[in-house]
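Visitor:
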Ligand code: C2E
Ligand code: CA
Ligand code: CA
Ligand code: CA
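In the working numbering, the protein residues as written are 436 to 706.
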């Protein structure tokens, strides 16, 4: 018994070290990408339900020449705090992109970026945003911030102040992944958000049924709080029609467009 116990321990340890090794490798890849211009942004159009026109884009980070999903590298970037540096790069890149489009005379649309809790708590976050918008001569209304309710887990008061300040500057704030947590409705009454983004899982579940009352109630509630509603992960015409019928404001998903490199996003914008 002692012997097999020891074997088990060895097996456990080797599995642990494989995971740990993978993590260390990925962390090295992230550090190299940070130092060596190894990230790029893709832009996914968000469209108006009424006329299908692009109202904004969501910027999503990609690794150049590497097939590693953000679902894999963003959590590690958060764990290692590298998300703070990556997040700054995202803000700068988006400002640069908006500035470039404006310089070409293109009528730009707001771009939304995802902000991690660690990033928003970083001292200087607000100054960095302000400085970058100034440097590239970008109106604050062109930058949207997507946060998830996990941002409210710690230091509620401090976070609320930061969000309030961002709104005063003129940024738009969206509550992302709505419907995946437990207390979303509660948060809506006191986080200063302008819109909510309904998670893909909600559309997958409730737009398949003929009973649309869940989605429709959420949208009515949001509207009664003066919030706009974006539905994410829309993949079919039928989902789109149903959302149109129940008064959803904006939609985003493969049915309209994948996230695109900036040249293709530009082409869509000019269409
Ligand atoms: P998210 O913010 O919820 O972004 C939406 C995700 O859904 C994106 O995945 C997008 O490519 C994907 N998506 C869009 N339409 C559809 C659809 O119709 N069907 C399906 N199946 N998926 C769709 P992506 O780009 O892999 O990003 C995953 C997550 O990684 C994001 O989820 C976000 O939480 C995080 N992330 C990505 N870029 C950044 C970033 O620059 N900073 C931070 N903090 N997080 C980021
Ligand atoms: Ca998002
Ligand atoms: Ca989301
Ligand atoms: Ca998410």
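In this text, a Cβ means the ideal position worked out from N, Cα and C, and glycines have one as well.
For residue 683 and residue 677, I'd like the C-alpha separation in whole angstroms.
Guide: What you label residue 683 is simply residue 248 of the chain shown in a count that begins at 1. What you label residue 677 is simply residue 242 of the chain shown in a count that begins at 1. Between residue 683 and residue 677, the C-alpha separation is close to 9 Å.
Visitor: Near residue 538, which residues of its chain fall below 6 Å by C-beta distance, leaving aside the five closest residues on each side in sequence?
Guide: On the chain shown, position 103 is the one that residue 538 refers to. Answer for residue 538: no residue qualifies.
Visitor: Could you check whether residue 703 and residue 480 sit closer than 7 Å to each other, using their CB atoms as the reference points?
Guide: Here residue 480 corresponds to residue number 45 of the chain shown, with the count starting at 1. Here residue 703 corresponds to residue number 268 of the chain shown, with the count starting at 1. Result yes, Cβ atoms of residue 480 and residue 703 sit closer than 7 Å.
Visitor: Relative to the C-alpha of residue 602, which residue among 576, 585, 588, 593 is closest?
Guide: Counted from its first residue, the chain shown places residue 602 at position 167. Of 576, 585, 588, 593, the residue nearest in Cα terms is 576.
Visitor: For chain D, is any of its Cβ atoms less than 7 Å away from the one on residue 455?
Guide: Included in the structure is just one protein chain, with no chain D present.
Visitor: Give the secondary structure of residue 499 by DSSP, where H, G and I count as helix, E and B as strand, and everything else as coil.
Guide: The residue you call residue 499 lines up with position 64 of the chain shown. Residue 499 falls in the coil class under three-state DSSP.
Visitor: Count the other CB atoms, across all protein chains shown, that sit within 10 Å of the CB of residue 486; report buried if there are 16 or more and exposed otherwise.
Guide: The sequence position of residue 486 within the chain shown is 51, counting from 1. Flag for residue 486 reads exposed.
Visitor: Are the beta-carbon atoms of residue 634 and residue 612 separated by less than 7 Å?
Guide: Against the chain shown, residue 634 aligns to sequence position 199. Against the chain shown, residue 612 aligns to sequence position 177. Going by C-beta atoms, residue 634 is nearer than 7 Å to residue 612.
Visitor: Let me know if residue 493 comes out buried or exposed under the rule of 16 or more other beta-carbons within 10 Å of its beta-carbon.
Guide: For the purposes of this step, residue 493 is taken as the residue at position 58 of the chain shown. Result: buried.
Visitor: May I ask you to check if the CB of residue 592 is nearer than 6 Å to at least one heavy atom of ligand 1?
Guide: Walking along the chain shown from the start, residue 592 turns up at place 157. Every heavy atom of ligand 1 is 6 Å or more from the Cβ of residue 592, so no.
Visitor: Hey, would you say residue 525 sits closer than 7 Å to residue 533, going by beta carbons?
Guide: For the purposes of this step, residue 525 is taken as residue 90 along the chain shown, with counting starting at 1. For the purposes of this step, residue 533 is taken as residue 98 along the chain shown, with counting starting at 1. For residue 525 and residue 533, no; Cβs fall outside 7 Å.
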